[in-house]
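This note's numbering puts the first residue of the sequence shown at 5, with every later residue one more than the last. No residue lacks a Cβ here, since even glycine has one placed at the ideal position from N, Cα and C. Note that the structure is a prediction, hence the values are computed from the model and not measured.
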Amino acid sequence: MLNILGTLFIGLIVGFIARAIKPGDDKLGWIMTALLGVAGSFLATYIGVAMHWYQQGEAAGWIASVIGAIVILFIYGLIRRKA
């Protein structure tokens, strides 16, 4: 239980950092920001394992997680603009 709360807290921080770095008005709430950060961490971990930067089961670092969250935020903005 504590691991899940820790992951969501780190995801919230990563999501806030990604929203602060990427310019534009992203109208996301707290929950979407946390999900954005967690998804960015998973994306960074998946790409890192695929590129052999990380070992299987090793989590991505802070910088990679923020970059993954920015990529997801950019894709979200493109999809939202078309809708």
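Where residue i sits in the DSSP three-state scheme
i, result
"K140", "Residue 140 lies beyond the stretch modelled for the chain, which goes from 5 to 87, so this question has no answer here."
"L32", "coil"
"A48", "helix"
"W57", "coil"
Beta-carbon separation (whole angstroms), residue i vs residue j, contact threshold 8 Å
i, j, result
"V18", "G52", "No, V18 and G52 are not in contact; Cβ-Cβ is about 15 Å, not under 8 Å."
Contacting residues, own chain, Cβ-Cβ under 7 Å from residue i (five flanking each side not counted)
i, result
"T11", "V42"
Residue i versus residue j - alpha carbon distance
i, j, result
"I76", "L47", "8 Å"
"I74", "I83", "14 Å"
"A64", "I14", "12 Å"
Close beta carbons around residue i, own chain, < 6 Å, minus the five adjacent residues each side
i, result
"D30", "R23"
Contact between the stretch 55-64 and the stretch 33-43 (3+ Cβ pairs under 8 Å): Contact between the stretch 55-64 and the stretch 33-43 is absent, because fewer than three Cβ pairs lie under 8 Å.
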